[in-house]
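Student: Going down the list, the protein sequences come from chains A and R.
As numbered in my numbering, residues 1 to 596 make up the first sequence, in order.
As numbered in my numbering, residues 1001 to 1596 make up the second sequence, in order.
Number of protein chains: 2
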Amino acid sequence: MIDYVAPLRDMQFILSELAGIDEIAALPGCEDATPDLVAAILEEAGKFAAGVLAPINRQGDEQGCRLEEDGRVTTPDGWQQAYDQFRESGWLGLALPAEFGGQGMPKLVATPVSEMWCATNMAFNMLPILNQGQAEALLIAASDEQKALYLPKVVSGEWGATMNLTEPQAGSDLAATRTRAEPQADGSYRLFGQKIFISYGEHELTPNIVHLVLARLPDAPAGVKGLSLFIVPKYLVDADGSLGSKNDVRCISIEHKMGIHGSPTCTLSFGDAGGAIGHLVGQPNRGLETMFVMMNEARFGVGVQGLGLADRAYQFALAYARDRVQGRDVVSGESGKPIIHHPDVKRMVLSMRARVMAMRALLYTAAGWFDLAHRHPDAEVAGKYRRYVDLLMPVAKGWCTEVGNDVCDDALQIFGGMGFVEETGIAQYFRDARIITIYEGTTGIQANDLIGRKILRENGETLRELIVDLRAVVATLKQDGELGDVGDGLADAIDALESAADWMLANGKEQLADVLAGAVPFLYLLGTVCGGWQLARMALAARSRLAAGEGDEAYLGSLVELARFYMATIGPQALAHAETVREAGGALTRFDLSQL
Amino acid sequence: MIDYVAPLRDMQFILSELAGIDEIAALPGCEDATPDLVAAILEEAGKFAAGVLAPINRQGDEQGCRLEEDGRVTTPDGWQQAYDQFRESGWLGLALPAEFGGQGMPKLVATPVSEMWCATNMAFNMLPILNQGQAEALLIAASDEQKALYLPKVVSGEWGATMNLTEPQAGSDLAATRTRAEPQADGSYRLFGQKIFISYGEHELTPNIVHLVLARLPDAPAGVKGLSLFIVPKYLVDADGSLGSKNDVRCISIEHKMGIHGSPTCTLSFGDAGGAIGHLVGQPNRGLETMFVMMNEARFGVGVQGLGLADRAYQFALAYARDRVQGRDVVSGESGKPIIHHPDVKRMVLSMRARVMAMRALLYTAAGWFDLAHRHPDAEVAGKYRRYVDLLMPVAKGWCTEVGNDVCDDALQIFGGMGFVEETGIAQYFRDARIITIYEGTTGIQANDLIGRKILRENGETLRELIVDLRAVVATLKQDGELGDVGDGLADAIDALESAADWMLANGKEQLADVLAGAVPFLYLLGTVCGGWQLARMALAARSRLAAGEGDEAYLGSLVELARFYMATIGPQALAHAETVREAGGALTRFDLSQL
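1. Ends of the alpha helix (DSSP H) at T162/A?
2. In angstroms, rounded to a whole number, what distance separates the CA positions of L92/A and S114/A?
3. Measuring only between beta-carbons, confirm whether F1230/R sits less than 8 angstroms from chain A.
4. Residues in its own chain within less than 6 angstroms of V155/A by CB, not counting five upstream and five downstream?
5. By DSSP's criteria, Y1524/R is part of a beta bridge. Which residues make up the other side?
6. Pick helix, strand or coil for F192/A, following the three-state DSSP scheme.
7. For the alpha helix (DSSP H) holding A82/A, just list the boundary residues, first then last.
8. Quick check on F430/A: does DSSP put it in helix, strand or coil?
9. Just how far apart, CA to CA, sit K1454/R and T1462/R?
10. Quick one: does K346/A have its CB under 8 angstroms from some CB of chain R?
11. Quick one: does P502/A have its CB under 8 angstroms from some CB of chain R?
12. If you follow the beta strand (DSSP E) that Y235/A is part of, which residue opens it and which one closes it?
13. How many angstroms separate the CA atom of G333/A from the CA atom of G327/A?
14. Is T267/A helix, strand or coil by DSSP?
15. What's the C-alpha gap between I570/A and V356/A?
16. Under 8 angstroms, do G1651/R and G1368/R count as touching if we go by C-beta distance?
17. From which residue to which residue does the alpha helix (DSSP H) around P106/A run?
18. Give the DSSP bridge partners of P183/A, in chain order.
19. Is Y1555/R close to chain A? Criterion is C-beta to C-beta, closer than 8 angstroms.
20. Going by beta carbon distance, what residues of the same chain come within less than 8 angstroms of G1274/R, once the five residues before and after it are set aside?
21. Run the CB neighbour count on R1387/R, radius 10 Å, all protein chains shown included, and call it buried at 16 or more, exposed below.
22. Excluding the 5 residues preceding and the 5 following L1525/R in the sequence, name in chain order all residues of the same chain whose CB lies nearer than 7 angstroms to its CB.
23. Is the beta carbon of A1542/R sitting closer than 8 angstroms to the one on V1560/R?
24. Under a Cβ-count criterion, where at least 16 other Cβ atoms within 10 Å of its own Cβ denotes burial, should H1256/R be classed as buried or exposed?
25. Kindly say whether M1291/R, judged by its beta-carbon, lies nearer than 8 angstroms to any beta-carbon of chain A.
26. For F1370/R, count the other beta carbons within 10 Å of its own beta carbon; 16 or more makes it buried, fewer makes it exposed. Which is it?
27. Do we get a CB-CB distance below 8 angstroms when we pair D1592/R with the residues of chain A?
28. Please state the DSSP three-state secondary structure of E334/A.
29. Are the segment 54-69 of chain A and the segment 411-431 of chain A touching, with three or more C-beta to C-beta distances below 8 angstroms?
30. Contact criterion: CB-CB distance below 8 angstroms. Does I1438/R meet it with respect to chain A?
31. Considering only residues of the same chain and omitting the five flanking positions on each side of A49/A, which have a CB-CB separation below 7 angstroms?
32. Would you mind working out which of P1183/R, A1491/R and A1517/R sits nearest W1503/R, comparing C-alpha positions?
33. So, for Q1534/R: in the same chain, excluding its five sequence neighbours on each side, which residues have a beta-carbon less than 6 angstroms away from its beta-carbon?
34. Under 8 angstroms: do the segment 135-151 of chain A and the segment 289-298 of chain A share three or more Cβ pairs, one atom per stretch?
35. Any beta carbon of chain D sitting closer than 8 angstroms to that of H261/A?
36. Compute the distance between the beta-carbons of N1285/R and D344/A, then report whether it is under 8 angstroms.
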């Protein structure tokens, strides 16, 4: 197995040059994020990822989880020790409020750290991600009493946490949720129903698990406006926080999945023995609003999984391509050279790096937007970044997960026949990655959200605002004598984006189905442009450092070439996507479904 | 599990309208391929695929193969019965010469039949494919005595067959082969060495297995010009065909693979106990030539695997999309409709069908070329089709396997979370498919072969010949009042192809590395154009039938719309690929490898 090396240099470059770590550290509440502390956090996280999480990733895949006769779920060897270490080191609460035991770091600092967990052990990382997501939900909607009782345990990881949304008939469509909650005389509720696809829905890693469950009250309106949110602990919790009797929740099966075997995916049955005791979180019938606020965060987190998996897959492929000797040099005829010297292999490896760096720059930049949106004292500035977060989260999720899969696929290809064999470890990355374009909303759902809720609903305003920013980068590129070609490529891609967006805005009312037929191609188009934008910014930053005579010349020069390579090999797809956006709907509408 | 339905109507349409079954049936030796017999063969094959192979596919995946302590390899439950039935029904020799027990059908008839085996059970189908490949090799190079002794058993499937090329240090690069063969006084040889990735290298399905092994004679020149081919039977064969003692060949391990679990992938050790007895096939040091003659056939066969897997994955996804109710109609707001009504899902399913039909038309058309090349009495006509086969085999293999994977990927996506769960069966298709872009030469190897051996070496002559044929189709499309838009799309794609080819030809001598950096994008480009070409031909054929008032109007109309949809959603990528062909090399060459 190839050792994981935390990409600290790339991370630091992007944090400081593109994502504005200095500006973020100056925000109220972010004062602790000093350069020294951030560097120390990244370094320690890299050590933990390489030393604790990476070594148990393969056995997690091989052993998987088991549902025992008595209803207990066992996790792979090493999971308990790694989790205890993770929890005790305080990693779980890194970006959660100090008030509840977290470390209050900005999201921008937590993002590279998450990337490292995802890179080294995605199945393990599902566990703390759930605590973080639930903590965000409770912070938004829980009562002070609930916060005091649950949050410290959820933030520290002393207790596990789950999100219970999906039901067999309610996947992408939560309106179809049937789980019901009956009010009790004491103010609590009794829940009845079945939830599926519950990650870490049952396990023995923590003495208790806090389930957050979406359910309907008896008088609830139909559809998504009748969903309420409930805390349903595995063991009931007394007012002093001590554990009482077992609640009426059972794990009745775990899924046999293609990947992330180390993460138990459970079917939970609530209320088989009289009702699972739950506590309403927030207002009745407003559960989905809370979930929506969380959703940007959760989707962003899955985008980071795409980045993490892609980076480790890239590391695997690069090491293999440098080591594997095969064939002759196409020009000199020389043999005995590693395959990275073959043009096609070099192209693939470079393409992987270009995409990894584009995703990293986009996601870190977006993480900075989250912090600015939450904390910037000027409401206008905060508002702009809130709009950017809202507009681009479907891209951060949809594009980075699709690209993450593509990169894992290329990595496997570089291994040739050895890639298809499980022993080399790359096949696990290919399999694990396959869930990320599905959960937290498929790429199709992301694209519909992008077009419907984020563009058409506001008549494309934020997108136009973004395009102005994009064109400003083009102008700067053209002023630089060396980057004119990158500027030309980016300008073409932006033109394609704008023309596709104009077409969608012009037709969104009358021909919504046609427009939505091009939703995924449009998401790819916007992702392709955003990736190019970020690499162009990276090239500009590298050029200024070079001009100032600072930094490693070869490294900085390679960042410039990376942008150029992206524009040569990925940028041209923007035009194809734009044409497809305009043409797909018509061709689709004419096609008679009965002839499929 | 969703039942397999043999796509007989599509198959028949392509056979008769695009691939010229009538013309093929008129070739010398193909007289038996009458319309009635061909229809009967396809129907029976469809029943066998659906009734015998499909039902054991899942258990093959779940159980896999086992290497026992005593060196025996066991295959999954049902394999033996299915194989016996397959063999007894005479399927194995369908396109092999009647002289050795085959049925002498044209390749054009065998291709849809193979498609059905691949669609329903790829791991099983690896077994007869090996016999067919070995029979082709023996037909080319074996002595009459060898043919008499081995061919009837290999053609009937009474004995198994393997191809032994790969060694740990010799994967894509057979020049590095180390297995050696020492001549014996009696004219036989003793072989020593290790071969890896040997499909069905050991099993108990047949009483004997004939290994065909690439090895070096003591005085052989270095490199690929020093490889000879040997028959090495598992059990020695007496002159009368009866089995003698066990040869010195052992299976020392089987691979733990991501897919095709039902097919044992063996490491074979030759000569641990004094040398494995082998018999030279053909001339010394000319083994690779024999392998090369076979290679077009083998690569074509893997392209058909891409088609078969894609078609079944499409069938799975279509059935699921028609059954699964989720969400609301985007225009009417109506709920309770299956997901195929969502524009994005309809787009994906239609795109799957368009690509399946494009692959099918291309592969069947190419199968007809094989027959014409082998059997057409006019040497000039035969020569033209031989050139087309040579030029386009890397595309049939490279493009159809990549597209096959993409289609399986889309199918899984349509299942959402259920796709990631093994129970639905689609995940197996996604995993099984992942080997086909690797074995029989990776996509990169195909692309290098396409550019180097098939285009640059002959200065693009056959490609230009093909482009003339392509432009003739454009002219016909433009004459048809309804197909002008398809003609415009195809013309743009052909222009892109020609300009990229011109650039490659102009730079292939001076900047070969740059040109090869764009080899895979060029292969995609040519594949994209060929797919559009075939769907355009299909649309034209459908239009003539419609004009003649023949056939099912809705079906024929849907074929026209399929071509239109392909041009709207896949055709535009041709231009992006062409730009990448021209630009990738420069950007790649400038990049400093040490900065990866």
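Think of the CB as a built atom: it goes at the ideal place given N, C-alpha and C, for glycine as much as any other residue.
Tutor: Let's see:
1. Unbroken run through T162/A is the beta strand (DSSP E), G160 to N164; no alpha helix (DSSP H).
2. 10 angstroms
3. no
4. G93, L96, F100, G101, G102 and A135
5. Looking at the DSSP assignment, Y1524/R forms no beta bridge with any residue, so it has no partner.
6. strand
7. W79 to E88
8. helix
9. 8 angstroms
10. yes
11. Before going on, a small fix: residue 502/A reads as Asp here, not Pro. With 8 angstroms as the cut-off, D502/A does not count as an interface residue toward chain R.
12. Y235 to V237
13. 9 angstroms
14. strand
15. 13 angstroms
16. What is shown of chain R runs 1001 to 1596, which leaves residue 1651/R out entirely.
17. Counting along the chain, P106/A falls outside any alpha helix (DSSP H), and DSSP gives it neither H nor E.
18. Y189/A
19. yes
20. R1190 and D1248
21. buried
22. A1496, L1497, A1500, A1574, H1577, A1578 and V1581
23. yes
24. exposed
25. no
26. buried
27. yes
28. coil
29. yes
30. yes
31. Y4, A6, M116, W117, A119 and T120
32. A1517/R
33. A1358, A1361 and L1362
34. yes
35. Chain labels in this structure do not include chain D; the protein chains are A and R.
36. no
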